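Since the structure comes first, as structure tokens, the remarks are kept for the end.
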Amino acid sequence: MGIAVELMYLKGYGKYLGFSLLRVHGRPRVEDVIREIKGSPEGLTVQLLDSRAIAGRNHLYHAVRLCLKAFRRGPSISKNLQVELLLYLAARRQIDDSIKILGVNEDTRNIIVLVLGDSRDKIIKYMEGLASRLGEAAPTQLVGREGVADPTYIAQIHGIESRELESTYPDESSHMDVVEKLILERIALFSL
């Protein structure tokens with residue numbers, strides 16, 4: 000079975016962003032996840048994320064774009080793009096806090112695979128191999144989709160209080176849209 004990979008070219012950065020959703024077989028072993036991240040092929044930057052903490056495609060895209068911008072212009076928080084990416088996705092300056100928010104643990108059932116690279120083919124090949132090692136592909140349309148993702152959990156894990164939700168976008172129809180907008184705002188402020 001093939002893997003569903005969403006790919007986009009990040010104009011101005013000369014890189015492709017690919018992401019996919021994997022359903023994990025059994026309980027993920029943290030050692031396996033670390034091995035995958037550290038052992039990614041040359042030319043690829045890989046992050047494996049707990050999908051429960053991701054508010055949607057815009058969350059991924061916005062964090063990646065601002066991370067690359069900061070990494071290029073300097074100074075970045077980390078000298079390692081993988082770590083910097085994790086910090087931007089969580090909008091936190093502490094690695095441990097970012098791992099607590101986004102990291103894969105034994106309770107994780109769905110993993111978002113995020114890959115940056117110069118070659119579309121290399122990204123797809125890596126993701127297909129990863130899917131065969133860790134789980135099975137799931138439709139990427141499910142990423143951050145209300146009814147699949149829990150906006151209350153996402154808000155809580157990102158430190159968004161209910162008063163902030165209610166007062167920031169009171170007329171917004173979708174709770175998930177509000178959570179996503181607040182996370183995008185945090186990422187933008189993080190980049191300053």
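When we follow numbering that gives the first Met the number 0, the leftmost residue of the sequence shown carries the number 0, and every step to the right adds one.
All C-beta atoms in this analysis are idealised placements derived from N, C-alpha and C, irrespective of residue type, glycine included.
Computed from a prediction, not measured in an experiment: that's the story for all the values here.
Give me the Cβ distance between residue i and residue j, rounded to the nearest whole Å; I'm assuming they're in contact under 8 angstroms.
| i | j | result |
| --- | --- | --- |
| Ala130 | Leu21 | 6 angstroms |
| Ile100 | Ala52 | 5 angstroms |
| Ala69 | Ile182 | Contact flag wrong, Cβ pair sits at about 17 angstroms. |
| Val112 | Phe18 | 6 angstroms |
| Pro150 | His174 | 4 angstroms |
Taking Cβ to Cβ, would you say residue i is nearer than 8 angstroms to residue j?
| i | j | result |
| --- | --- | --- |
| Arg56 | Val142 | yes |
| Leu86 | Thr44 | no |
| Ile94 | Glu83 | no |
| Leu6 | Ile110 | no |
| Ile186 | His61 | yes |
| Val133 | Val23 | According to the sequence provided, residue 133 is Leu. The question's Val does not apply to it. Yes, the Cβ-Cβ distance between Leu133 and Val23 is below 8 angstroms. |
| Gly13 | Ser118 | no |
| Glu105 | Pro40 | no |
| Leu213 | Val32 | It is not possible to answer for residue 213, since the shown part of the chain is limited to 0 through 191. |
Can you give me the start and stop residues for the alpha helix (DSSP H) that residue i sits inside?
| i | result |
| --- | --- |
| Leu85 | 80-89 |
| Asp31 | 29-37 |
| Leu191 | Where Leu191 is concerned, there is no enclosing alpha helix (DSSP H), given that its DSSP letter is neither H nor E. |
| Asn57 | 56-72 |
| Gly128 | 119-133 |
| Ser77 | Segment: none, Ser77 is in no alpha helix (DSSP H) and carries neither H nor E. |
Can you tell me where the beta strand (DSSP E) holding residue i begins and where it ends?
| i | result |
| --- | --- |
| Glu165 | Note, Glu165: premise wrong, no beta strand (DSSP E); alpha helix (DSSP H) at 161-167. |
Got a sec? Which residues, its chain only, sit under 8 angstroms from residue i by beta carbon, not counting five neighbours each side?
| i | result |
| --- | --- |
| Ala3 | Ser19, Leu20, Ala136, Ala137, Pro138, Thr139 |
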